[in-house]
Amino acid sequence: MLVTFSANLRRLFLICFSFVAILIAGAQPAGQLIKVIVAPDHTDWVYKPGEKVKFTITVLQNGNMLKNAIVKYEVGPEKMNPEKTDSLTVSAGTLTVDGGTMKVPGFLRCIATVFVNGKSYRGLATAAFNPAQIEPTIANPADFSSYWEQAKAELAKMAVDARMTLMPERCTENVNVYHVNLQNYRGARLYGILCVPKKEGKYPAILQVPGAGIRPYNGDIANAEKGFITFQIGIHGIPVNLDASVYNNLAAGALAGYWNINLDDKDRYYYKRVYLGCVRANDFLVSLPQYDGVNLAVMGGSQGGALSIITAALDARVKCLASYYPALSDVTGYLKGRAGGWPHLFDKNNLAFNNTKEKINTASYYDVVNFARLLKVPGIYTLGFNDETCPPTSMYSAYNVITAPKELYVVPETGHWTFPEQGEKLTNWVTGKLKGSF
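Residue numbers (the numbering used here): 696 to 1133.
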(Lines of atoms letter the chains of each structure in order from A and count residues from 1; the text may use other names and numbers.)
(Lines give C-alpha, C1' and ligand atoms only; values in the text may rest on other atoms or scores of the structure.)
Protein backbone atom coordinates (compact mmCIF):
# COMPACT_ATOMS: atom_id res chain seq x y z
CA MET A 1 0.00 0.00 0.00
CA LEU A 2 2.83 2.38 0.87
CA VAL A 3 4.59 1.68 -2.44
CA THR A 4 1.39 2.35 -4.41
CA PHE A 5 0.76 5.62 -2.57
CA SER A 6 4.32 6.82 -3.19
CA ALA A 7 4.12 6.00 -6.89
CA ASN A 8 0.80 7.82 -7.26
CA LEU A 9 2.12 10.82 -5.34
CA ARG A 10 5.22 10.98 -7.53
CA ARG A 11 3.09 10.74 -10.68
CA LEU A 12 0.82 13.56 -9.50
CA PHE A 13 3.84 15.72 -8.73
CA LEU A 14 5.34 15.14 -12.17
CA ILE A 15 2.08 15.97 -13.93
CA CYS A 16 1.62 19.17 -11.96
CA PHE A 17 5.27 20.16 -12.29
CA SER A 18 5.33 19.63 -16.04
CA PHE A 19 2.16 21.67 -16.50
CA VAL A 20 3.52 24.50 -14.34
CA ALA A 21 6.78 24.44 -16.30
CA ILE A 22 4.87 25.11 -19.51
CA LEU A 23 3.15 28.16 -18.05
CA ILE A 24 5.89 29.53 -15.82
CA ALA A 25 7.33 31.90 -18.43
CA GLY A 26 3.94 33.55 -18.71
CA ALA A 27 2.95 33.43 -15.06
CA GLN A 28 1.32 36.45 -13.47
CA PRO A 29 3.95 38.50 -11.59
CA ALA A 30 3.96 38.67 -7.80
CA GLY A 31 2.01 41.52 -6.22
CA GLN A 32 3.61 44.55 -4.59
CA LEU A 33 3.11 45.84 -1.06
CA ILE A 34 2.19 49.21 -2.55
CA LYS A 35 0.02 48.85 -5.65
CA VAL A 36 0.18 51.48 -8.37
CA ILE A 37 -2.81 51.08 -10.67
CA VAL A 38 -2.92 53.02 -13.93
CA ALA A 39 -5.92 52.91 -16.24
CA PRO A 40 -7.08 54.78 -19.37
CA ASP A 41 -10.58 56.25 -19.38
CA HIS A 42 -11.89 53.85 -22.08
CA THR A 43 -12.76 50.47 -20.62
CA ASP A 44 -11.33 48.63 -23.63
CA TRP A 45 -8.24 50.88 -23.67
CA VAL A 46 -8.80 51.58 -27.40
CA TYR A 47 -9.02 55.06 -28.98
CA LYS A 48 -9.22 56.67 -32.39
CA PRO A 49 -6.25 58.72 -33.63
CA GLY A 50 -6.72 62.29 -32.45
CA GLU A 51 -8.94 61.25 -29.54
CA LYS A 52 -7.57 62.34 -26.16
CA VAL A 53 -6.88 59.85 -23.41
CA LYS A 54 -6.85 60.47 -19.68
CA PHE A 55 -4.99 58.15 -17.31
CA THR A 56 -6.10 57.62 -13.73
CA ILE A 57 -3.32 56.76 -11.28
CA THR A 58 -4.38 55.13 -8.01
CA VAL A 59 -2.05 54.21 -5.14
CA LEU A 60 -3.19 51.47 -2.76
CA GLN A 61 -1.83 50.12 0.50
CA ASN A 62 -3.65 47.26 2.21
CA GLY A 63 -6.50 47.74 -0.25
CA ASN A 64 -7.03 51.39 0.67
CA MET A 65 -5.94 54.55 -1.09
CA LEU A 66 -2.59 55.80 0.13
CA LYS A 67 -2.73 59.55 0.64
CA ASN A 68 0.07 62.07 0.15
CA ALA A 69 2.29 59.71 -1.86
CA ILE A 70 4.72 61.28 -4.31
CA VAL A 71 4.05 60.09 -7.86
CA LYS A 72 6.36 60.59 -10.80
CA TYR A 73 4.75 59.83 -14.13
CA GLU A 74 5.70 59.92 -17.80
CA VAL A 75 3.62 59.62 -20.95
CA GLY A 76 4.72 58.84 -24.48
CA PRO A 77 4.72 56.23 -27.26
CA GLU A 78 5.78 52.82 -25.90
CA LYS A 79 9.55 52.29 -25.65
CA MET A 80 10.21 55.84 -26.87
CA ASN A 81 11.38 58.90 -24.93
CA PRO A 82 8.48 60.37 -22.93
CA GLU A 83 6.68 63.40 -24.31
CA LYS A 84 5.40 64.47 -20.91
CA THR A 85 6.79 64.02 -17.39
CA ASP A 86 5.76 65.38 -14.01
CA SER A 87 6.01 64.68 -10.29
CA LEU A 88 3.02 65.28 -8.01
CA THR A 89 1.82 64.59 -4.51
CA VAL A 90 -1.32 62.47 -4.59
CA SER A 91 -3.17 63.94 -1.66
CA ALA A 92 -6.30 61.82 -2.05
CA GLY A 93 -4.65 58.59 -3.23
CA THR A 94 -5.70 59.04 -6.84
CA LEU A 95 -5.18 61.52 -9.65
CA THR A 96 -6.03 61.90 -13.32
CA VAL A 97 -3.49 63.07 -15.89
CA ASP A 98 -3.96 64.24 -19.46
CA GLY A 99 -2.17 61.78 -21.71
CA GLY A 100 -2.78 63.65 -24.94
CA THR A 101 -3.29 61.64 -28.09
CA MET A 102 -1.66 59.97 -31.09
CA LYS A 103 -2.33 60.98 -34.66
CA VAL A 104 -1.35 57.63 -36.16
CA PRO A 105 -2.07 54.00 -35.17
CA GLY A 106 0.07 52.94 -32.22
CA PHE A 107 0.28 52.75 -28.44
CA LEU A 108 0.58 55.54 -25.87
CA ARG A 109 1.92 54.51 -22.47
CA CYS A 110 1.69 56.10 -19.02
CA ILE A 111 4.22 54.87 -16.46
CA ALA A 112 3.76 55.91 -12.83
CA THR A 113 6.32 55.44 -10.05
CA VAL A 114 5.53 55.97 -6.39
CA PHE A 115 8.13 56.43 -3.68
CA VAL A 116 7.20 55.14 -0.21
CA ASN A 117 9.62 54.67 2.71
CA GLY A 118 12.62 54.89 0.42
CA LYS A 119 11.33 52.25 -2.01
CA SER A 120 9.84 52.71 -5.46
CA TYR A 121 6.71 51.01 -6.80
CA ARG A 122 5.67 51.10 -10.43
CA GLY A 123 2.56 50.70 -12.53
CA LEU A 124 1.62 51.41 -16.13
CA ALA A 125 -1.17 51.42 -18.68
CA THR A 126 -1.06 51.61 -22.45
CA ALA A 127 -3.77 53.09 -24.65
CA ALA A 128 -4.21 51.67 -28.14
CA PHE A 129 -4.93 53.86 -31.16
CA ASN A 130 -6.43 51.90 -34.04
CA PRO A 131 -4.11 48.91 -33.49
CA ALA A 132 -5.71 46.97 -36.34
CA GLN A 133 -4.30 49.58 -38.72
CA ILE A 134 -0.65 49.24 -37.64
CA GLU A 135 1.56 48.31 -40.58
CA PRO A 136 5.00 46.68 -40.37
CA THR A 137 8.27 48.47 -41.07
CA ILE A 138 10.37 45.39 -41.87
CA ALA A 139 11.37 44.84 -45.49
CA ASN A 140 10.02 41.73 -47.24
CA PRO A 141 12.82 40.23 -49.37
CA ALA A 142 11.79 39.23 -52.89
CA ASP A 143 13.44 35.81 -52.41
CA PHE A 144 12.12 35.24 -48.88
CA SER A 145 10.06 32.14 -49.72
CA SER A 146 12.64 30.61 -52.04
CA TYR A 147 15.38 31.21 -49.47
CA TRP A 148 13.57 29.13 -46.87
CA GLU A 149 12.46 26.50 -49.37
CA GLN A 150 16.10 25.97 -50.26
CA ALA A 151 17.07 25.77 -46.60
CA LYS A 152 14.38 23.16 -45.93
CA ALA A 153 15.53 21.16 -48.93
CA GLU A 154 19.05 21.10 -47.52
CA LEU A 155 17.70 19.96 -44.15
CA ALA A 156 15.63 17.21 -45.78
CA LYS A 157 18.80 15.61 -47.14
CA MET A 158 19.98 14.93 -43.60
CA ALA A 159 18.71 11.84 -41.76
CA VAL A 160 16.67 12.52 -38.64
CA ASP A 161 18.82 10.01 -36.71
CA ALA A 162 16.49 10.00 -33.71
CA ARG A 163 17.92 8.72 -30.43
CA MET A 164 15.36 8.18 -27.68
CA THR A 165 16.26 7.49 -24.06
CA LEU A 166 13.46 6.44 -21.72
CA MET A 167 13.33 8.47 -18.48
CA PRO A 168 11.74 5.99 -16.02
CA GLU A 169 11.80 8.50 -13.18
CA ARG A 170 9.45 10.78 -15.13
CA CYS A 171 7.14 8.16 -16.62
CA THR A 172 3.66 7.76 -15.21
CA GLU A 173 1.13 4.97 -15.29
CA ASN A 174 -0.24 6.31 -18.57
CA VAL A 175 2.66 8.13 -20.20
CA ASN A 176 6.18 7.27 -21.32
CA VAL A 177 8.72 10.11 -21.18
CA TYR A 178 11.86 10.21 -23.31
CA HIS A 179 14.87 12.44 -23.71
CA VAL A 180 15.24 12.81 -27.49
CA ASN A 181 18.27 13.69 -29.59
CA LEU A 182 17.87 14.45 -33.32
CA GLN A 183 20.12 15.37 -36.23
CA ASN A 184 19.54 19.03 -37.06
CA TYR A 185 20.79 21.45 -39.68
CA ARG A 186 24.45 21.24 -40.75
CA GLY A 187 25.64 18.82 -38.10
CA ALA A 188 23.98 20.35 -35.07
CA ARG A 189 21.78 18.29 -32.76
CA LEU A 190 18.31 19.07 -31.44
CA TYR A 191 17.16 17.95 -27.99
CA GLY A 192 13.78 17.73 -26.32
CA ILE A 193 11.43 15.84 -24.01
CA LEU A 194 8.88 13.58 -25.67
CA CYS A 195 5.76 12.39 -23.84
CA VAL A 196 3.71 9.58 -25.43
CA PRO A 197 0.53 7.91 -24.12
CA LYS A 198 1.22 4.26 -23.25
CA LYS A 199 -2.15 2.98 -24.38
CA GLU A 200 -2.00 1.50 -27.87
CA GLY A 201 -3.54 3.81 -30.44
CA LYS A 202 -3.03 6.80 -32.71
CA TYR A 203 -2.77 10.30 -31.25
CA PRO A 204 -2.57 13.97 -32.30
CA ALA A 205 0.76 15.69 -31.65
CA ILE A 206 1.73 19.06 -30.16
CA LEU A 207 5.14 20.63 -30.70
CA GLN A 208 5.96 23.05 -27.87
CA VAL A 209 8.58 25.64 -28.77
CA PRO A 210 10.49 27.55 -26.09
CA GLY A 211 10.66 31.11 -24.90
CA ALA A 212 14.01 32.88 -24.83
CA GLY A 213 16.72 31.71 -22.49
CA ILE A 214 18.75 28.60 -21.76
CA ARG A 215 17.23 26.05 -19.41
CA PRO A 216 16.29 22.38 -18.89
CA TYR A 217 12.82 21.07 -19.77
CA ASN A 218 10.50 18.59 -18.08
CA GLY A 219 8.07 17.71 -20.86
CA ASP A 220 4.31 18.24 -21.02
CA ILE A 221 3.04 15.16 -19.21
CA ALA A 222 -0.31 16.78 -18.44
CA ASN A 223 -1.47 16.93 -22.07
CA ALA A 224 0.00 13.51 -22.82
CA GLU A 225 -2.22 12.16 -20.05
CA LYS A 226 -5.15 13.61 -22.01
CA GLY A 227 -4.27 11.70 -25.19
CA PHE A 228 -1.74 13.88 -27.03
CA ILE A 229 1.84 13.24 -28.06
CA THR A 230 3.83 16.23 -26.79
CA PHE A 231 7.36 17.26 -27.73
CA GLN A 232 8.94 20.10 -25.78
CA ILE A 233 12.18 21.18 -27.42
CA GLY A 234 15.21 23.29 -26.61
CA ILE A 235 16.91 25.30 -29.35
CA HIS A 236 20.57 25.50 -28.33
CA GLY A 237 21.88 22.14 -29.45
CA ILE A 238 22.52 20.84 -25.93
CA PRO A 239 20.71 18.19 -23.85
CA VAL A 240 17.72 19.52 -21.93
CA ASN A 241 18.11 17.32 -18.84
CA LEU A 242 21.36 18.64 -17.38
CA ASP A 243 22.04 20.39 -14.10
CA ALA A 244 20.84 24.00 -13.97
CA SER A 245 24.41 25.24 -13.48
CA VAL A 246 25.27 24.16 -17.04
CA TYR A 247 22.60 26.44 -18.50
CA ASN A 248 23.44 29.30 -16.16
CA ASN A 249 27.08 29.17 -17.23
CA LEU A 250 26.16 29.14 -20.91
CA ALA A 251 23.71 32.02 -20.47
CA ALA A 252 26.42 34.08 -18.80
CA GLY A 253 29.15 33.00 -21.21
CA ALA A 254 29.18 31.41 -24.66
CA LEU A 255 25.48 31.94 -25.38
CA ALA A 256 25.02 35.36 -23.80
CA GLY A 257 23.04 37.48 -26.27
CA TYR A 258 22.76 34.52 -28.66
CA TRP A 259 20.25 36.47 -30.78
CA ASN A 260 23.14 38.65 -31.99
CA ILE A 261 25.41 35.81 -33.09
CA ASN A 262 26.30 36.16 -36.80
CA LEU A 263 23.54 38.71 -37.39
CA ASP A 264 25.65 40.14 -40.22
CA ASP A 265 25.27 36.95 -42.31
CA LYS A 266 21.82 35.53 -43.04
CA ASP A 267 23.25 32.10 -43.86
CA ARG A 268 25.12 31.82 -40.55
CA TYR A 269 22.74 33.67 -38.24
CA TYR A 270 22.02 31.84 -34.98
CA TYR A 271 18.31 31.50 -35.64
CA LYS A 272 18.69 29.68 -38.97
CA ARG A 273 19.48 26.44 -37.18
CA VAL A 274 16.71 27.22 -34.67
CA TYR A 275 13.98 27.76 -37.27
CA LEU A 276 14.98 24.67 -39.22
CA GLY A 277 15.23 22.73 -35.97
CA CYS A 278 11.51 23.29 -35.42
CA VAL A 279 10.83 21.69 -38.81
CA ARG A 280 13.15 18.85 -37.88
CA ALA A 281 11.21 18.33 -34.64
CA ASN A 282 8.09 17.86 -36.76
CA ASP A 283 9.96 15.41 -39.01
CA PHE A 284 10.47 13.33 -35.90
CA LEU A 285 6.93 13.71 -34.56
CA VAL A 286 5.22 12.63 -37.77
CA SER A 287 7.50 9.57 -37.98
CA LEU A 288 6.30 8.18 -34.66
CA PRO A 289 4.13 5.05 -34.99
CA GLN A 290 1.72 6.50 -32.41
CA TYR A 291 1.08 9.68 -34.45
CA ASP A 292 -2.37 9.77 -36.08
CA GLY A 293 -0.93 10.99 -39.38
CA VAL A 294 -3.06 14.13 -39.60
CA ASN A 295 -3.27 16.35 -36.53
CA LEU A 296 -0.18 18.37 -35.63
CA ALA A 297 -0.10 21.68 -33.76
CA VAL A 298 2.61 24.05 -32.56
CA MET A 299 2.43 26.42 -29.61
CA GLY A 300 4.63 28.65 -27.48
CA GLY A 301 5.10 32.06 -25.91
CA SER A 302 7.42 35.03 -26.53
CA GLN A 303 10.33 33.57 -28.54
CA GLY A 304 8.13 30.47 -28.63
CA GLY A 305 5.23 32.60 -29.85
CA ALA A 306 7.45 33.66 -32.73
CA LEU A 307 8.59 30.09 -33.39
CA SER A 308 4.97 28.92 -33.46
CA ILE A 309 4.17 31.30 -36.31
CA ILE A 310 7.43 30.55 -38.09
CA THR A 311 7.03 26.77 -37.84
CA ALA A 312 3.44 26.85 -39.10
CA ALA A 313 4.53 29.04 -42.02
CA LEU A 314 7.45 26.77 -42.95
CA ASP A 315 5.77 23.41 -42.45
CA ALA A 316 2.54 22.49 -44.22
CA ARG A 317 2.09 19.49 -41.92
CA VAL A 318 1.07 21.87 -39.09
CA LYS A 319 -2.72 22.12 -38.90
CA CYS A 320 -3.05 24.92 -36.32
CA LEU A 321 -1.02 27.09 -33.97
CA ALA A 322 -1.25 29.02 -30.71
CA SER A 323 1.02 32.00 -30.13
CA TYR A 324 1.43 33.94 -26.90
CA TYR A 325 2.89 37.47 -27.25
CA PRO A 326 5.24 36.68 -30.17
CA ALA A 327 8.76 38.09 -30.12
CA LEU A 328 11.00 38.76 -33.15
CA SER A 329 8.23 40.81 -34.75
CA ASP A 330 8.93 43.95 -36.77
CA VAL A 331 12.34 44.42 -35.18
CA THR A 332 13.15 47.40 -37.41
CA GLY A 333 10.45 49.54 -35.82
CA TYR A 334 13.12 51.52 -33.96
CA LEU A 335 14.65 52.57 -37.27
CA LYS A 336 11.33 54.22 -38.12
CA GLY A 337 10.86 56.03 -34.81
CA ARG A 338 8.64 53.52 -33.01
CA ALA A 339 8.92 50.37 -30.90
CA GLY A 340 10.39 47.23 -32.41
CA GLY A 341 10.07 43.66 -31.22
CA TRP A 342 12.26 41.66 -28.87
CA PRO A 343 15.26 41.27 -28.87
CA HIS A 344 15.30 45.03 -29.62
CA LEU A 345 18.16 44.69 -32.08
CA PHE A 346 17.93 48.30 -33.18
CA ASP A 347 16.88 50.20 -30.05
CA LYS A 348 19.06 52.95 -28.59
CA ASN A 349 21.15 50.42 -26.65
CA ASN A 350 21.99 48.33 -29.71
CA LEU A 351 21.73 50.78 -32.58
CA ALA A 352 25.42 51.69 -32.77
CA PHE A 353 26.37 48.02 -32.96
CA ASN A 354 23.64 46.64 -35.22
CA ASN A 355 22.71 49.49 -37.57
CA THR A 356 24.43 48.09 -40.66
CA LYS A 357 23.11 47.16 -44.07
CA GLU A 358 24.08 43.51 -43.57
CA LYS A 359 22.37 43.14 -40.20
CA ILE A 360 19.20 44.90 -41.28
CA ASN A 361 19.09 42.64 -44.32
CA THR A 362 19.52 39.50 -42.20
CA ALA A 363 16.75 40.63 -39.85
CA SER A 364 14.32 40.76 -42.76
CA TYR A 365 14.80 37.03 -43.42
CA TYR A 366 14.07 36.13 -39.80
CA ASP A 367 11.33 38.56 -38.80
CA VAL A 368 8.02 37.01 -37.77
CA VAL A 369 6.11 39.51 -39.92
CA ASN A 370 7.35 37.93 -43.14
CA PHE A 371 6.49 34.43 -41.94
CA ALA A 372 3.06 35.61 -40.79
CA ARG A 373 2.33 36.67 -44.38
CA LEU A 374 2.72 33.02 -45.45
CA LEU A 375 0.40 31.42 -42.88
CA LYS A 376 -2.37 29.25 -44.31
CA VAL A 377 -3.64 27.47 -41.18
CA PRO A 378 -5.87 28.74 -38.37
CA GLY A 379 -4.24 30.25 -35.33
CA ILE A 380 -5.12 31.74 -31.98
CA TYR A 381 -3.09 34.58 -30.51
CA THR A 382 -3.02 36.40 -27.19
CA LEU A 383 -1.28 39.58 -26.07
CA GLY A 384 -1.49 42.50 -23.67
CA PHE A 385 -1.07 46.23 -24.21
CA ASN A 386 1.29 46.58 -21.23
CA ASP A 387 3.96 44.25 -22.62
CA GLU A 388 7.35 45.95 -22.33
CA THR A 389 9.32 42.98 -23.66
CA CYS A 390 7.33 42.38 -26.83
CA PRO A 391 5.74 45.79 -27.53
CA PRO A 392 2.17 45.53 -28.81
CA THR A 393 3.06 47.69 -31.83
CA SER A 394 5.45 44.96 -32.95
CA MET A 395 2.96 42.15 -32.31
CA TYR A 396 0.14 43.86 -34.17
CA SER A 397 2.54 44.44 -37.07
CA ALA A 398 2.70 40.67 -37.45
CA TYR A 399 -0.90 39.86 -36.57
CA ASN A 400 -2.35 42.39 -39.01
CA VAL A 401 -0.67 40.82 -42.07
CA ILE A 402 -2.09 37.33 -41.37
CA THR A 403 -4.71 36.38 -43.94
CA ALA A 404 -5.29 32.84 -42.61
CA PRO A 405 -8.17 32.27 -40.16
CA LYS A 406 -7.19 33.94 -36.90
CA GLU A 407 -8.54 34.69 -33.46
CA LEU A 408 -7.07 37.31 -31.11
CA TYR A 409 -7.57 37.24 -27.36
CA VAL A 410 -6.53 40.63 -26.00
CA VAL A 411 -6.17 41.18 -22.26
CA PRO A 412 -5.07 44.84 -22.19
CA GLU A 413 -3.61 45.00 -18.68
CA THR A 414 -1.26 42.05 -19.12
CA GLY A 415 2.41 42.62 -19.81
CA HIS A 416 4.86 39.88 -20.69
CA TRP A 417 2.78 37.40 -18.73
CA THR A 418 -0.65 35.81 -18.88
CA PHE A 419 -3.60 35.14 -16.64
CA PRO A 420 -4.55 31.45 -16.25
CA GLU A 421 -7.63 32.11 -18.37
CA GLN A 422 -5.43 32.92 -21.37
CA GLY A 423 -3.53 29.65 -21.06
CA GLU A 424 -6.75 27.71 -20.66
CA LYS A 425 -8.34 29.36 -23.68
CA LEU A 426 -5.41 28.76 -26.02
CA THR A 427 -4.76 25.22 -24.83
CA ASN A 428 -8.44 24.28 -25.13
CA TRP A 429 -8.56 25.84 -28.60
CA VAL A 430 -5.58 23.80 -29.79
CA THR A 431 -6.69 20.52 -28.27
CA GLY A 432 -10.21 21.12 -29.59
CA LYS A 433 -8.86 21.64 -33.10
CA LEU A 434 -6.75 18.51 -32.89
CA LYS A 435 -9.63 16.45 -31.58
CA GLY A 436 -11.99 17.89 -34.17
CA SER A 437 -14.40 19.26 -31.57
CA PHE A 438 -14.40 22.74 -33.18
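For glycine and all other residues, C-beta sits at the position ideal for the given N, C-alpha and C.
With fewer than 16 other Cβ atoms from the protein chains shown falling within 10 Å of its own Cβ, residue 962 counts as exposed. Within the stretch 1030-1089, the complete alpha helix (DSSP H) runs of at least 4 residues fall at 1046-1049, 1052-1061, 1063-1067.
Ranked by Cα distance from residue 947, the options 908, 926, 958 are led by 908. Judged by their CB atoms, residue 1072 and residue 1099 are nearer to each other than the 7 Å cut-off. Assigned with DSSP and collapsed to three states, residue 961 falls in coil, not helix or strand. Taking 4 residues as the minimum length, the alpha helix (DSSP H) runs contained wholly in the stretch 876-920 are 916-920, in order along the chain. Rounded to the nearest whole angstrom, the CA to CA distance from residue 1067 to residue 785 is 45 Å. In the three-state scheme derived from DSSP, where H, G and I count as helix and E and B as strand, residue 774 is classed as coil. Per DSSP, the unbroken alpha helix (DSSP H) holding residue 1005 starts and ends at 998-1009. Following the DSSP letters along the chain, one finds residue 1102 inside the beta strand (DSSP E) bounded by residues 1101-1105. Following the DSSP letters along the chain, one finds residue 842 in no beta strand (DSSP E) but inside the alpha helix (DSSP H) bounded by residues 839-851.
By the neighbour-count definition (other C-beta atoms within 10 Å, threshold 16), residue 861 is an exposed residue. The beta carbons of residue 740 and residue 807 sit no closer together than 7 Å. Between the alpha carbons of residue 967 and residue 824 lies a distance of about 35 Å.
Counting only residues of its own chain and dropping the five nearest sequence neighbours on each side, residue 934 has a CB closer than 8 Å to the CB of 874, 876, 886.
In the three-state reduction of the DSSP assignment, residue 730 falls in the strand class, which pools E and B. For residue 823, the enclosing beta strand (DSSP E) covers residues 814-824. Closest in C-alpha terms to residue 976, from the list 949, 1013, 960, 815, comes 1013. For residue 949, no beta strand (DSSP E) run applies, since DSSP gives it neither H nor E.
Bridge pairing for residue 805: 770, 820 [DSSP].
Taking C-beta atoms under 8 Å as the contact rule, residue 1027 and residue 1058 qualify, at a distance of about 6 Å. With contacts defined as CB atoms closer than 7 Å, residue 746 and residue 796 qualify as a contacting pair. Spatial neighbours of residue 776 in its own chain (CB-CB distance under 8 Å, excluding positions within 5 residues in sequence) are not present.
Exposure of residue 838 is indicated by the presence of fewer than 16 other C-beta atoms within 10 angstroms of its C-beta. Contact annotation: residue 750 and residue 735 have beta-carbon atoms nearer than 7 Å. When secondary structure is reduced to three states using DSSP, residue 1024 falls in the coil class, being assigned neither helix nor strand. If you draw a straight line from the Cα of residue 811 to the Cα of residue 748, it is about 28 Å long.
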